[in-house]
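Numbered according to our numbering, the sequence shown spans residues 8 to 349. Ideal Cβ positions, reconstructed from N, Cα and C, are used throughout, including at glycine. The structure displayed is predicted, hence computed values, not measured ones. Below: the structure, in structure tokens.
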Amino acid sequence: MDRGPGGLMVSTVLLLGLGADPASALQAVAQPPEDCGDRASLAVTVRDDSGQIPIPNATVVLRWIDAVRRPLREAADTDGELLLCVPPDATTATLWAEFGDASSAEANVALAPGYAHEVELRLLLEEVKTGRLIGRVMDARTKQPVAVAEVSVPSRAGMVSSNRRGNFVLSALPVGEHELSVRHIGYAPLSHPVTIRQGTTTEIEIGLSADPVELAPLVATVERSRRLEIKGFYERKHWGELLGLGTFFTEEDIERWRPLHVSHLVSMLVPSVGPGLVNRRGFSGLNRTCRMAVYLDGFVVGRDLDSFVKPIEVGGIEVYKGLASTPAEFPGRCGAVVVWTK
Numbered sequence: 008m009d010r011g012p013g014g015l016m017v018s019t020v021l022l023l024g025l026g027a028d029p030a031s032a033l034q035a036v037a038q039p040p041e042d043c044g045d046r047a048s049l050a051v052t053v054r055d056d057s058g059q060i061p062i063p064n065a066t067v068v069l070r071w072i073d074a075v076r077r078p079l080r081e082a083a084d085t086d087g088e089l090l091l092c093v094p095p096d097a098t099t100a101t102l103w104a105e106f107g108d109a110s111s112a113e114a115n116v117a118l119a120p121g122y123a124h125e126v127e128l129r130l131l132l133e134e135v136k137t138g139r140l141i142g143r144v145m146d147a148r149t150k151q152p153v154a155v156a157e158v159s160v161p162s163r164a165g166m167v168s169s170n171r172r173g174n175f176v177l178s179a180l181p182v183g184e185h186e187l188s189v190r191h192i193g194y195a196p197l198s199h200p201v202t203i204r205q206g207t208t209t210e211i212e213i214g215l216s217a218d219p220v221e222l223a224p225l226v227a228t229v230e231r232s233r234r235l236e237i238k239g240f241y242e243r244k245h246w247g248e249l250l251g252l253g254t255f256f257t258e259e260d261i262e263r264w265r266p267l268h269v270s271h272l273v274s275m276l277v278p279s280v281g282p283g284l285v286n287r288r289g290f291s292g293l294n295r296t297c298r299m300a301v302y303l304d305g306f307v308v309g310r311d312l313d314s315f316v317k318p319i320e321v322g323g324i325e326v327y328k329g330l331a332s333t334p335a336e337f338p339g340r341c342g343a344v345v346v347w348t349k
């Protein structure tokens, strides 16, 4: 128990992790670091399922529930720790940790200005026998998101609620068949079977029918590549398409177009990108082409992309045509082409 702003004594217990002892999952509240000023801070520690071994360089994924901000994907340091200053308009966050095919359970954290929140996330590092379900709940007629819908499966204790954009996450689900249940006042309850596969993420869209209006429920599912999700491809794709920051191709796009070479697909379908992956828009006031940076699985490969990878091996492609729109992890003065293998 610690003293916060105004002398208030606060101590909150937060249950996290997979198979963790509830008594070991404590959210301590104290004065935040000076670097965060009056904002809340979030200190995350990633450990193995025993809570004894820190996991260096694990990825922490954080979604702001009540603030319209881009989700974060940050790597922990060599001690498995990550310190973040919370945006001033964020009061609640959902976060989890990933390392290879292993992940922790998600945690919902209430964030109070002026407090330092400590969260421990525990990974299951044995053979992965679980998967994750990411979904969106919407009104079947209007297609508008449905917030605070109760989502659960019998094989997982407790339930989660959709946020104001209708999104929800169910992690650490056992592999196999599950009966997904979705309920919200004013809508007909929905039950739908879902299949969870080992080490993968299943994405689902759910359309609820207003009660008592009779409409067939809408359910669409798609399996995400777990590897691409860990690398942040789907997060960048979502925000890139929403904000017009880039062009993205999935494995399904590549199968539909069947290009001879990866570079052919990009130059054929992305305006102002020419053969050899040059940007024809011109930069620095010069009316000439400019060669784009090319990355394969996060590493620079220069102009020899097609000699390193074949289209059948590709799981996703990101194309950024401007310096301002290119993510910081893929620097390129003339934009960047980022290719991920399956």
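Selection from the options that minimises the alpha carbon distance to residue i
i	options	result
Cys297	Val344, Trp103, Ala112 and Ala65	Val344
Leu303	Arg265, Lys349, Lys328 and Leu330	Lys349
Ala50	Val67, Glu125, Asn64 and Pro61	Glu125
Arg139	Glu105, Asn170 and Val155	Glu105
Ile319	Leu330, Arg265 and Cys341	Arg265
Gly44	Ile237, Cys92 and Arg77	Cys92
Met174	Ala156, Val160 and Ala164	This sequence places Asn at residue 174; Met is not what is there. Here the closest residue by C-alpha is Ala156.
Arg234	Glu210, Val273, Leu215 and Gly206	Gly206
Gly58	Ser111, Thr99 and Pro78	Ser111
Val4	Leu330, Val308 and Tyr122	The first residue shown for the chain is 8 and the last is 349, placing residue 4 beyond what the model contains.
Met299	Cys341, Leu272 and Leu276	Cys341
Leu2	Leu276, His271 and Glu81	Shown here, the chain extends from 8 to 349; a query on residue 2 therefore has no answer.
Leu215	Val269, Val153, Leu131 and Pro181	Val153
Arg80	Val301, Asp146 and Glu236	Glu236
Gln151	Val53, Pro200 and Glu212	Glu212
Identified DSSP bridge partners for residue i
i	result
Asp146	Leu215
Cys341	None, per the DSSP bridge assignment.
Asn115	Thr101
Arg190	Glu157
Tyr327	Ala343
Gly138	Leu180
Through-space distance from residue j to residue i, alpha-carbon basis
i	j	result
Ala114	Ser48	16 Å
Ala97	Lys244	23 Å
Phe261	Ser274	Checking the sequence shown, residue 261 turns out to be Ile, not Phe. In a straight line, the C-alpha of Ile261 is about 13 Å away from that of Ser274.
Ala74	Ser332	22 Å
Asp42	Pro78	21 Å
Ala195	Gly339	50 Å
Leu128	Ala100	14 Å
Pro120	Asp218	40 Å
Thr66	Gly247	21 Å
Val116	Ala123	12 Å
Cβ-based burial, residue i [other Cβ within 10 Å; buried from 16]
i	result
Gly305	exposed
Arg70	buried
Asn170	buried
Thr149	exposed
Ala335	exposed
Asp146	buried
Minimum Cβ-Cβ distance from residue i to chain D less than 8 Å
i	result
Ala164	Of the protein chains in the structure, only one exists, and it is not chain D.
**Message:** Pairs of beta-carbons, one from the segment 270 to 290 and one from the segment 228 to 243, closer than 8 Å: are there three or more?
**Reply:** no
**Request:** May I ask you to verify whether the segment 320 to 330 touches the segment 245 to 258, counting CB pairs closer than 8 Å and requiring at least 3?
**Result:** yes
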